[in-house]
Amino acid sequence: MSSHDTAVSDDALAVLFTDAHTARSFREEPPPIEQVRRAYDNARWAPTALNSQPMRLDLLASPEARQRLAPLMAGINQEPVLGAPLVLIVSADLALDQSMRELGASEQMLERLAGSLEMRQGLARDSALIQLGYLVLALRAEGLDVGVMTGADLPGIDAEFHADRPWQTIAVVCVGHGDADAFHPRAGRHDFETVSQVL
Ligand SMILES: Cc1cc2nc3c(=O)[nH]c(=O)nc-3n(C[C@H](O)[C@H](O)[C@H](O)COP(=O)(O)O)c2cc1C
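Reminder that position 12 of the sequence shown reads as 12 in the UniProt record's numbering, one-by-one numbering, no gaps.
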């Protein structure tokens with residue numbers, strides 16, 4: 001127990017929150033895919049709308065795959081993608097019906113979703129973003145460093161990597177172990193009073 005009675009230790013809180021921040025350059029050794037699988041196995045317990053679980057992952061484990069991605073990143077984000085030993089493309093699957101049916105969603109709800117691309121897009125994107133947040137925490141819990149990036153031609157990434165499926169890219173995540181230059185000085189954070197009102 002931590003000194004102020006949180007459910008996890010101060011050490012765990014430091015790994016997940018206070019000591020964790022964006023890595024921008026990485027050592028060469030690639031994290032085992034098994035580690036990403038373990039991270040996913042924890043992150044998948046995130047809450048999602050209607051238990052839809054729309055997040056999908058491309059694991060760019062080969063330098064060739066990362067080279068296909070690099071030109072689609074904003075200029076400043078190209079070097080991190082080329083230098084990272086593993087890069088994830090994180091997407092929202094707009095074809096929710098099949099996987100939701102497997103998980104027991106009602107036919108009535110599936111029909112409503114099938115009739116509205118706007119509803120599917122909103123639901124898939126909102127929940128995939130929540131899953132992305134959990135995935136970042138889960139990767140950090142594995143002792144990995146990550147850098148999330150959305151500065152990219154996201155529709156271009158879909159054209160390059162998802163031509164055969166309705167996955168809509170929401171972010172690119174570099175994964176590995178940060179090198180000596182990986183971390184910029186810690187950026188500030190708002191305090192509770194600034195961001196909240198108690199009614
Ligand atoms: C949705 C999202 C998009 C981001 N896009 C980029 C990006 O395109 N390029 C980049 O260098 N960092 C990007 N970042 C990293 C943020 O700039 C970084 O998390 C923030 O400045 C806080 O820094 P810290 O994590 O080191 O505390 C992104 C982070 C998030 C969550």
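Even for Gly, the Cβ is constructed at its ideal location relative to N, Cα and C.
By the 16-neighbour rule on beta-carbons within 10 angstroms, Met55 is buried. Nearest Cα to Gly83 within the set Ala182, Ser196 and Val198: Ala182.
As computed with DSSP, Thr169 is found in a beta bridge with Ser91.
Proximity to Asp179 across Val8, Gly147, Ala23 and Val136 peaks at Ala23, based on C-alpha coordinates.
In the structure shown, the three-state DSSP call for Asp58 is strand.
No heavy atom of ligand 1 is found nearer than 7 Å to the CB of Met100.
Exposed is the label assigned to Ser116, since fewer than 16 other Cβ atoms lie within 10 Å of its Cβ.
Residue pairing of Ala159 in beta bridges, as defined by DSSP: absent, with no partner found. Excluding its 5 nearest sequence neighbours in each direction, Leu154 has C-beta neighbours in its own chain below 6 Å: Thr169, listed in chain order. Not a single heavy atom of ligand 1 lies less than 7 Å from the C-beta of Thr169.
In the DSSP assignment, the residues bridged to Val148 are Val173. Remark: the C-beta of Ala74 is in contact range of ligand 1, defined as less than 7 Å to any heavy atom. The three-state secondary structure of Leu199, taken from DSSP, is coil.
One alpha carbon belongs to Leu123, the other to Leu50, and they sit about 9 Å apart. A straight line joining the alpha-carbon of Val87 with that of Ser106 spans about 35 Å.
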